[in-house]
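I have placed the structure first, in the form of structure tokens, so that the comments after it can refer back to it.
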Amino acid sequence: MRTLLRTTSAAVALGLSFTALAACTQETADDDAAADEALTAAGTTYDPFKDIDPALGESLWPNEQKDIAATTRIITSFLQRRRAEGRTDTLGRVRTLRDAHAKAHGCVKAEVKVRSDVPADMKVGVFAQPKTYKAWIRFSNGNSEVRYDWKRDARGMAIKLTNVPGAKVVKDFPEQSTQDFVMINHPVFFVDNPSQYASTLEVFHSGKGFEVLGQLLSVTRLPLENAKLALAVNGTQIENPVAEPYWSMAAYKLGPNRAAKYASIPVACDAMDSFPRDRAAQTAWLRKAQEANESHLPSAHRDELRAAMQKTLEKDKKDVCYLFAMQPFVDLERTPIEHTTVNWDAASAFVPVANVRIPAQTFTSEAQDTFCDDMSFTPWHALPEHKPLGVVSRTRLIVYAATSKLRRADNGVGLRSALTGPTGDESF
Ligand code: HEM
Numbered sequence: 329m330r331t332l333l334r335t336t337s338a339a340v341a342l343g344l345s346f347t348a349l350a351a352c353t354q355e356t357a358d359d360d361a362a363a364d365e366a367l368t369a370a371g372t373t374y375d376p377f378k379d380i381d382p383a384l385g386e387s388l389w390p391n392e393q394k395d396i397a398a399t400t401r402i403i404t405s406f407l408q409r410r411r412a413e414g415r416t417d418t419l420g421r422v423r424t425l426r427d428a429h430a431k432a433h434g435c436v437k438a439e440v441k442v443r444s445d446v447p448a449d450m451k452v453g454v455f456a457q458p459k460t461y462k463a464w465i466r467f468s469n470g471n472s473e474v475r476y477d478w479k480r481d482a483r484g485m486a487i488k489l490t491n492v493p494g495a496k497v498v499k500d501f502p503e504q505s506t507q508d509f510v511m512i513n514h515p516v517f518f519v520d521n522p523s524q525y526a527s528t529l530e531v532f533h534s535g536k537g538f539e540v541l542g543q544l545l546s547v548t549r550l551p552l553e554n555a556k557l558a559l560a561v562n563g564t565q566i567e568n569p570v571a572e573p574y575w576s577m578a579a580y581k582l583g584p585n586r587a588a589k590y591a592s593i594p595v596a597c598d599a600m601d602s603f604p605r606d607r608a609a610q611t612a613w614l615r616k617a618q619e620a621n622e623s624h625l626p627s628a629h630r631d632e633l634r635a636a637m638q639k640t641l642e643k644d645k646k647d648v649c650y651l652f653a654m655q656p657f658v659d660l661e662r663t664p665i666e667h668t669t670v671n672w673d674a675a676s677a678f679v680p681v682a683n684v685r686i687p688a689q690t691f692t693s694e695a696q697d698t699f700c701d702d703m704s705f706t707p708w709h710a711l712p713e714h715k716p717l718g719v720v721s722r723t724r725l726i727v728y729a730a731t732s733k734l735r736r737a738d739n740g741v742g743l744r745s746a747l748t749g750p751t752g753d754e755s756f
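Numbers 329 to 756, taken from our numbering, label the letters of the sequence shown in order.
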């Protein structure tokens with residue numbers, strides 16, 4: 329009823345005809361029904377479609393609620409089908425896995441230390457004051473299946489800060505005590521339009537064609553530029569997950585009036601300030617870091633990236649360090665909020681806000697792997713100061729919540745860490 333009144337008065341004010349008004353009213357009602365379907369699947373009453381930040385450049389895409397509801401349906405049906413087919417995790421156990429980033433190389437303990445030189449206008453949210461957070465970091469392959477690591481893929485790094493005080497954007501999600509930062513090893517995502525995303529996913533999850541063929545068939549649903557991006561994002565071969573840079577791809581709030589993307593940049597622990605401050609030098613530095621970590625060696629060993637992490641952290645007992653940096657918004661043309669396919673590097677430099685240290689450790693017990701997979705990392709575990717922005721983020725709000733709800737229910741997860749959030753003191 330509220331929607332009907334809203335639409336009617338807006339249309340009357342604009343002098344629209346009754347036919348146009350009827351069509352418009354129908355569309356709004358459909359969008360509301362789709363939003364309800366999506367929020368129910370996600371198990372939340374928080375409505376991202378009613379909480380957009382137009383002043384920061386957010387706007388709804390036409391009928392995006394319907395496309396997001398369709399994407400959620402495709403993904404949850406895929407998970408149920410693969411569970412029924414007996415899909416197994418890295419340890420060979422039949423479980424409901426993540427739809428994306430199904431294979432973890434491991435979850436490691438880390439410390440995230442807010443730097444003392446954070447610029448005044450970035451001292452917001454978890455970066456408000458110098459402080460060290462205990463964190464868990466999950467490294468993963470992007471694919472929906474547990475595959476050999478030499479295969480081309482996107483790679484993920486998901487950081488979960490623990491014991492983060494303050495009310496979060498979504499107050500009825502589990503893990504209220506956490507703030508997550510979720511990244512991939514490429515600066516941009518491959519698609520913005522939610523309808524194109526649903527369409528390509530429909531083919532990708534149809535079960536038709538296998539592996540590479542299925543992937544290639546699905547990108548034919550995209551415009552050429554997006555198809556090329558899809559192949560670039562999902563086409564990396566890397567040597568070691570803890571030597572790779574990772575980007576947020578999407579934009580986030582950085583305080584009430586500002587937006588930024590962020591990145592995790594690998595640096596030597598004894599040279600935390602070695603990353604250049606100049607924008608062009610940063611881009612060259614990041615490219616070099618990726619090239620140095622590129623791998624072209626097919627291997628017979630399925631889990632070679634986990635083995636590479638083990639060599640660094642367990643065998644060589646080396647600490648690993650990252651610089652966590654913000655890349656602030658400049659203007660809607662060069663740093664758009666609703667278009668994650670646009671690289672901001674030509675317009676904006678990264679500003680370090682935290683030092684991340686992953687101490688030498690063992691991380692491969694079965695109990696730790698289970699704990700790792702039972703957590704849920706989502707950009708929507710966020711303080712309002714770090715609220716995710718844009719359509720890709722709104723999609724992820726619904727999809728991650730729906731899939732983690734499903735897999736936790738299927739897998740009988742009842743751990744405290746999975747409900748209120750881990751403390752960072754867990755040991756296995
Ligand atoms: C519409 C776009 C996207 C969809 C539908 C999507 C879907 C998903 C799903 C279903 C999961 C598993 C969630 C769970 O069961 O807990 C996931 C995990 C993940 N996604 Fe996305 N994703 C999208 C975009 C992105 C983008 C832009 C990034 C870039 C940073 C990203 C990075 C990741 C990572 C790193 C994980 C693994 C998190 C973990 O370790 O648990 N995704 N994604």
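Even for Gly, the Cβ is constructed at its ideal location relative to N, Cα and C. Bear in mind the structure is a predicted one, so any value in this text is a computation, not a measurement.
CB-CB length for residue i against residue j, believed under 8 Å
i: Ala591; j: Pro573; result: 6 Å
i: Val440; j: Leu489; result: 6 Å
i: Val531; j: Val648; result: No, Val531 and Val648 are not in contact; Cβ-Cβ is about 38 Å, not under 8 Å.
i: Arg722; j: Leu425; result: So it is not a contact: roughly 24 Å between Cβ atoms.
i: Asp500; j: Thr368; result: About 12 Å; that fails the 8 Å criterion.
i: Ala463; j: Gly752; result: 6 Å
Any non-hydrogen atom of the ligand HEM within 7 Å of residue i CB
i: Thr399; result: yes
i: Asp606; result: no
i: Met511; result: yes
i: Ser523; result: no
i: Arg288; result: Residue 288 is absent from the structure shown; the chain starts at 329 and stops at 756.
i: Met637; result: no
i: Val720; result: yes
i: Ile403; result: yes
i: Asp673; result: no
i: Ser704; result: yes
i: Ser623; result: no
i: Asp481; result: no
i: Arg423; result: no
i: Phe517; result: yes
i: Tyr728; result: yes
i: Thr731; result: yes
Residue range of the unbroken alpha helix (DSSP H) whose run includes residue i
i: Cys649; result: Counting along the chain, Cys649 falls outside any alpha helix (DSSP H), though it belongs to the beta strand (DSSP E) covering Val648 to Pro656.
i: Ile403; result: Glu392 to Ala412
i: Asn554; result: Leu552 to Val561
i: Lys616; result: Arg607 to Ala620
i: Lys441; result: Note, Lys441: premise wrong, no alpha helix (DSSP H); beta strand (DSSP E) at Ala432 to Val442.
i: Phe699; result: Glu694 to Asp702
i: Ala730; result: Val719 to Asp738
i: Tyr525; result: Pro522 to Phe532
i: Met600; result: Where Met600 is concerned, there is no enclosing alpha helix (DSSP H), given that its DSSP letter is neither H nor E.
i: Met637; result: Glu632 to Gln638
Burial state of residue i, where buried means 16 or more other Cβ atoms lie within 10 Å
i: Gly740; result: exposed
i: Asp702; result: buried
i: Val670; result: buried
i: Pro750; result: buried
i: Ala520; result: The identity of residue 520 in the sequence shown is Asp, whereas the question assumes Ala. By the neighbour-count rule (16 or more Cβ atoms within 10 Å), Asp520 is buried.
i: Ala746; result: buried
i: Thr399; result: buried
i: His433; result: buried
i: Lys643; result: exposed
i: Leu557; result: buried
i: Lys715; result: buried
i: Asp598; result: exposed
i: His624; result: exposed
Contact check, residue i vs residue j, beta carbons under 8 Å
i: Phe377; j: Leu388; result: yes
i: Ser576; j: Met485; result: no
i: Val561; j: Ala555; result: no
i: Ser523; j: Asp395; result: yes
i: Ile465; j: Ile686; result: yes
i: Phe657; j: Gln696; result: no
i: Glu619; j: Trp478; result: no
i: Leu711; j: Val422; result: no
i: Phe509; j: Val720; result: no
i: Ala653; j: Val681; result: yes
i: Ala430; j: Val492; result: no
i: Glu413; j: Leu717; result: no
i: Ser704; j: Pro458; result: no
i: Ala609; j: Thr404; result: no
i: Ile566; j: Arg483; result: yes
i: Glu713; j: Lys581; result: yes
First through last residue of the beta strand (DSSP E) which encompasses residue i
i: Lys378; result: Here Lys378 belongs to no beta strand (DSSP E), and DSSP marks it neither H nor E.
i: Ala463; result: Thr460 to Asn469
i: Val498; result: Looking at the DSSP string, Val498 is not in any beta strand (DSSP E), and its letter there is neither H nor E.
i: Arg423; result: Unbroken run through Arg423: none, as it is neither H nor E.
i: Leu806; result: In the structure displayed, the chain extends from 329 to 756; residue 806 sits before or after that span and is not available.
i: Asn683; result: Val679 to Ile686
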